[in-house]
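Engineer:
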Amino acid sequence: MPTALAAPQALLGIEKLSQAQAQIYIEKAFAIKSGRLSSKLPPHPVPNVALIFFEASTRTRFSFEMAARKLGLNTVSFVADATTSVSKGESQHETLNTLIQMHPDMLVVRHSGDAQVAQILKNTSIPVINAGDGKGEHPTQALLDAMTILERLEIKNLSLKDQKIIFVGDVEHSRVARSGRLLFQLLGAEVAICCPSELAPQSQDWQGVKHFTEMAKATAWATVCMGLRLQKERHGQHVSFSQEEYIANYRLDDKNLKNLSKNALIMHPGPFVPGIDLDEKILADSRCVIHQQVENGVLIRMAVIGEIFGLFGA
Ligand code: CP
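Sequential numbering from 427 applies to the sequence shown in our numbering.
1. Is the closest heavy atom of ligand 1 to the C-beta of ARG578 under 7 Å?
2. Would you tell me roughly how many angstroms separate the C-alpha atoms of ALA436 and ALA476, rounded to the nearest one?
3. Buried or exposed: ALA541, going by 16 or more other Cβ atoms within 10 Å of its Cβ?
4. Leaving out the 5 sequence neighbours to the left and right, which residues in its chain are closer than 7 Å to GLU706 when beta-carbon positions are compared?
5. Regarding HIS564 and ligand 1, is the C-beta to nearest heavy atom distance less than 7 Å?
6. Buried or exposed: which applies to GLN449, given that a residue is buried once 16 or more other Cβ atoms fall within 10 Å of its Cβ?
7. With ligand 1 as the reference, list in chain order each residue whose Cβ lies under 7 Å from any of its heavy atoms.
8. Consult DSSP for PHE667 and reduce its assignment to one of helix, strand or coil.
9. Which residues bound the alpha helix (DSSP H) around ASP571?
10. May I ask which residues mark the beginning and end of the beta strand (DSSP E) holding THR735?
11. Given that a residue counts as buried once 16 or more other Cβ atoms are within 10 Å of its Cβ, and exposed if not, what is LEU438?
12. Out of ALA648, ARG604 and PRO471, state which residue places its alpha-carbon closest to the alpha-carbon of GLN628.
13. With H, G and I counted as helix, E and B as strand and the rest as coil, what does DSSP make of MET528?
14. Name the DSSP bridge partner or partners of ILE592?
15. Is LEU546 near LEU522, with beta carbons less than 8 Å apart?
16. Report the rounded CA-to-CA distance for TYR451 versus LEU569, giving the unit in angstroms.
17. Ends of the alpha helix (DSSP H) at THR486?
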């Protein structure tokens with residue numbers, strides 16, 4: 427069991443997270459879920475958590491809001507839509523500077539990976555939780571995914587040793603895969619990818635990660651199979667394979683998952699495009715934990731926000 431650490435100040439990514447702190451977040455989330463842990467009343471005045479989303483989101487934004495409110499905190503939301511001054515041409519970084527001047531007590535931010543936004547978030551004295559930054563990181567997604575694997579496989583020691591986790595599809599453009607790889611390896615798992623070479627990550631930090639191109643071999647190897655959304659908005663001009671090719675070879679469906687063990691897990695961070703990323707029939711497969719991932723998202727976000735505000739006591 428992890429020992430207590432000094433209260434964290436922020437969660438910007440898994441890259442800077444220790445194994446002990448990751449396990450504390452997951453353990454706290456399990457304890458909240460089972461009723462073994464409840465948070466203290468928040469201080470007065472009640473802190474305001476600012477949810478600032480420059481990119482679209484359903485589950486991350488809603489679950490952060492649910493989590494903050496379950497902890498008794500206030501939430502204020504900014505979504506960069508047509509009703510805001512972003513639509514008049516105001517930049518993401520100036521928008522963020524403007525919101526910071528209103529002195530929220532925590533920033534939960536999703537952005538496109540804008541370098542100036544990242545710099546502001548790195549330097550502010552307000553606690554920040556990264557809710558997804560372009561192709562960078564999505565740390566709370568990785569934590570909720572790890573929690574779901576541990577829960578569903580009934581692993582009690584917060585270790586993923588002996589697990590073989592495969593990311594399938596658009597790995598290159600996925601912050602979920604990047605944070606997931608870092609956390610799963612930190613917890614002892616072996617990670618691999620299954621994708622066409624054009625969607626394989628090129629950066630140094632993926633060197634040495636096993637690369638399958640055939641689902642039949644990848645699924646025969648894996649204990650956990652994590653699909654990813656085809657992120658066309660990040661493709662630019664350089665992707666030449668056809669959507670039909672992608673569907674035939676990498677969609678989560680009965681054909682492509684035929685070699686996956688009956689004890690394995692089928693996961694997807696969502697959102698998925700039905701028919702392209704997965705066949706919706708997979709949702710009824712007993713190995714599929716996609717909705718459990720969403721449920722655990724609220725618990726993990728309660729654990730992270732509560733830890734940063736010191737709401738669980740010493
Ligand atoms: N998994 C995830 O980040 O989903 P949303 O984009 O709906 O928040």
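Every residue, glycine too, gets a C-beta built ideally from N, C-alpha and C.
These numbers were taken from a predicted model, which means no experiment stands behind them.
Structural biologist: On the basis of the data shown:
1. Position 152 of the sequence shown holds residue 578. With a cutoff of 7 Å, ARG578 does not count as near ligand 1, since its C-beta is closer than that to no heavy atom of the ligand.
2. What you label residue 436 is simply residue 10 of the sequence shown in a count that begins at 1. What you label residue 476 is simply residue 50 of the sequence shown in a count that begins at 1. So the two alpha carbons sit approximately 14 Å from each other.
3. Taking the first residue of the sequence shown as position 1, residue 541 is located at position 115. Label assigned to ALA541: exposed.
4. Mapped onto the sequence shown, residue 706 falls at position 280. Answer for GLU706: PRO700, listed in chain order.
5. Taking the sequence shown and counting its residues from 1, one reaches residue 564 at position 138. Result yes, Cβ under 7 Å from ligand 1.
6. Translated into positions along the sequence shown, residue 449 becomes position 23. Result: buried.
7. ALA482, SER483, THR484, ARG485, THR486, ARG487, GLY558, HIS564, GLN567, VAL602, PRO695, GLY696 and PRO697
8. Translated into the one-based positions of the sequence shown, residue 667 becomes position 241. It is coil, neither helix nor strand.
9. The count along the sequence shown starts at 1 and reaches residue 571 at position 145. Element bounds for ASP571: 565 to 578.
10. Position 309 of the sequence shown, counted from the start, is the residue given in the question as residue 735. The sequence given here places Phe at residue 735; Thr does not occur at that position. Judged by DSSP secondary structure, PHE735 falls outside any beta strand (DSSP E) and instead within the alpha helix (DSSP H) spanning 716 to 735.
11. Here residue 438 corresponds to residue number 12 of the sequence shown, with the count starting at 1. Label assigned to LEU438: buried.
12. Numbered from 1 along the sequence shown, position 202 holds the residue referred to as residue 628. When each option's Cα is compared against that of GLN628, the closest is ARG604.
13. Locating residue 528 in the sequence shown gives position 102, where the first residue counts as 1. Residue state, collapsed to three classes: coil.
14. By one-based count along the sequence shown, residue 592 stands at place 166. The partner list for ILE592 (beta bridge, DSSP) reads ALA618 and CYS651.
15. Within the sequence shown, numbered from 1, the residue matching residue 546 stands at position 120. Within the sequence shown, numbered from 1, the residue matching residue 522 stands at position 96. Position check: residue 546 holds Ile in this sequence, whereas Leu was assumed. Yes, these two residues count as a Cβ contact at 8 Å.
16. Stepping through the sequence shown from its first residue, residue 451 is reached at position 25. Stepping through the sequence shown from its first residue, residue 569 is reached at position 143. Looking at the two C-alpha atoms, the distance is approximately 8 Å.
17. Taking the sequence shown and counting its residues from 1, the one referred to as residue 486 is at position 60. Counting along the chain, the alpha helix (DSSP H) containing THR486 begins and ends at 485 to 496.
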